[in-house]
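Numbering (the UniProt record's numbering), first residue to last: 1 to 577.
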């Protein structure tokens, strides 16, 4: 009699799922000893990685950056397959969007801010505060215009104050800490607030607050937290980046996914197979199992049964769940109607509930102009950093829609591209998903016209008429100026996509890195098997939200896929692990 091969099913064909499958399938002897299947609810592989094209340029609808080339498995794969070079243009290929010196900072009303006097001191403060929060060495630097301002001392005092107010570091948010830092900065400056010459109705404090909010909003897109007041301070010190520069992938992020999947035979990945419920056997004693008579409905010797939305089923010995934290949050129900039956144990559901999972969306804008896109004049569209008045300010321009007011910047995806990019997070990102194309074009045009209300000269060349820029929605014309207008938009919609229900995870106030570890614990664990009869490792969990130090990243997802593949290989004492 031929022994039954253990069957492993991976739910999700994103980075974590395909990495696990790649590791398993390429392990010596695996193909002869196991059955492997990947079920993917969507019509494509890649998950939150989705390379596309817009306006003739390659863009990323999902993951965009390799966050540090040193020690990154994503960078290593990209090097091995030659994905870091391309003859065709791609998003952020020249690094311009990551160079702060390239950006022109403009306040609402069309007032360009002095970088040295206004922007740099505040941006420097924000960076030092975040460096301190993340455990980086903060040098004894400060505001060159005011020697009494020591940023490291401001950071230390801000944290101390927040701990005292909140009753412990576990209750301190990044948002409250940052705001306390700005408050101390103002107090130590000892400078009276008042109008700033040449800045109309902007006072110095309003300008500095506005610039500070720019960087807060950038941080929202980095973390996916709608409000930084919900982002846990202590966890920032645990988060780790790979070292080295951050780059985009010339041949697209999807090339990494395709490389991982290339070793798998046809048919191993099944698309359009959305799982409705995972039926499993929790830890039970022999007496309990006899009394229950397998009351969970699984009469097979194979302990896990997958129920698909099309009514079909599939059994497995082990299932690696790689769905997003957003899907897990929606699928955790106590009445047996959720994604897991019986429901997951409390330690797991509580971790799922406490951790944060937010929405970040990208908005691509295609510009049309009455001149050749390769013309040097196209460089005149600035890498624009936008300082808005607060949404409740009487000074705000009412034509600017609320969903634009937390957008930090808008810029060409590389020099000379006619495609612009802006990032949205939280409520604004969700609102963007609900808007029609004409509403977006109207709202964006109204917002940008409040920053470039007059012909805008390319920075550093204020007298050359050919460098004039006017952004509009097509209602303005002039024989003296060329016109740029938004003709087409493309937006991502991660929040309302039922396969993801958001973008990536963060550690919320009230949660901790321990919850990320709990996310990674398999069910049942091997350690719980001494006096029970339930087969071990029925459900394993992988994905970026299961990695304590690299959550929210593609390399974190990769590491988690390797971790769970190795867990199974070690369980079966496979060689080469």
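Beta carbons are placed, not taken as given, at the ideal position from N, Cα and C, and that holds for glycine.
- Remark: C-beta atoms of residue 229 and residue 173 approach each other more closely than 8 Å.
- Pairing residue 258 with residue 60, the inter-Cα distance amounts to about 15 Å.
- DSSP places residue 121 in the uninterrupted alpha helix (DSSP H) bounded by 120-133.
- DSSP places residue 305 in the uninterrupted beta strand (DSSP E) bounded by 304-308.
- 8 Å or more divides the Cβ of residue 440 from the Cβ of residue 261.
- Taking a C-beta distance under 8 Å as the contact criterion, residue 161 and residue 360 do not qualify as a contact pair.
- With the rule of 3 Cβ pairs closer than 8 Å, the region 490-501 does not count as touching the region 227-243.
- Taking all protein chains shown into account, residue 485 has 16 or more neighbouring C-beta atoms within 10 Å of its C-beta and is therefore buried.
- Cβ neighbours of residue 438 within its own chain (closer than 6 Å, five residues either side excluded): none.
- The beta carbon of residue 411 sits closer than 7 Å to the beta carbons of 97, 383, 384, 420 and 421 from its chain, once the five residues preceding and following it are set aside; these are given in chain order.
- At least 8 Å separates the beta-carbon of residue 111 from that of residue 195.
- Under the three-state reduction of DSSP, residue 553 is assigned to coil, being neither helix nor strand.
- By the 16-neighbour rule on beta-carbons within 10 angstroms, residue 10 is buried.
- The three-state reading of DSSP puts residue 512 in coil, since its state is none of H, G, I, E or B.
- Going by C-alpha positions, residue 124 is about 39 Å away from residue 19.
- Residue 418 sits in coil when the DSSP states are folded into three classes, being neither helix nor strand.
- For residue 365, the pairing in a beta bridge is given by DSSP as 420 and 489.
- Non-local C-beta neighbours of residue 224 in its own chain, meaning closer than 6 Å and more than five positions away in sequence, comprise 358, 360, 503, 504 and 506, ordered along the chain.
- In the three-state reduction of the DSSP assignment, residue 279 falls in the strand class, which pools E and B.
- Contact holds between the region 19-38 and the region 551-563, because three or more Cβ pairs, one in each stretch, are under 8 Å apart.
- A Cβ-Cβ contact shorter than 8 Å links residue 405 with residue 391.
- Membership of residue 75 in the alpha helix (DSSP H) is indicated by the continuous run 73-80.
- Rounded to the nearest whole angstrom, the CA to CA distance from residue 534 to residue 269 is 28 Å.
- Following the DSSP letters along the chain, one finds residue 334 in no alpha helix (DSSP H), marked with neither H nor E.
- Annotation: residue 313 to residue 37 spans about 13 Å, alpha carbon to alpha carbon.
- Taking every protein chain shown into account, the CB of residue 128 has 16 or more other CB atoms within 10 angstroms, so this residue is buried.
- Contact annotation, residue 218 with residue 66: C-beta distance approximately 19 Å; criterion of less than 8 Å not satisfied.
- Residues of the same chain with a CB within less than 6 Å of the CB of residue 7, apart from the 5 flanking positions on each side, are 35, 316 and 317 in chain order.
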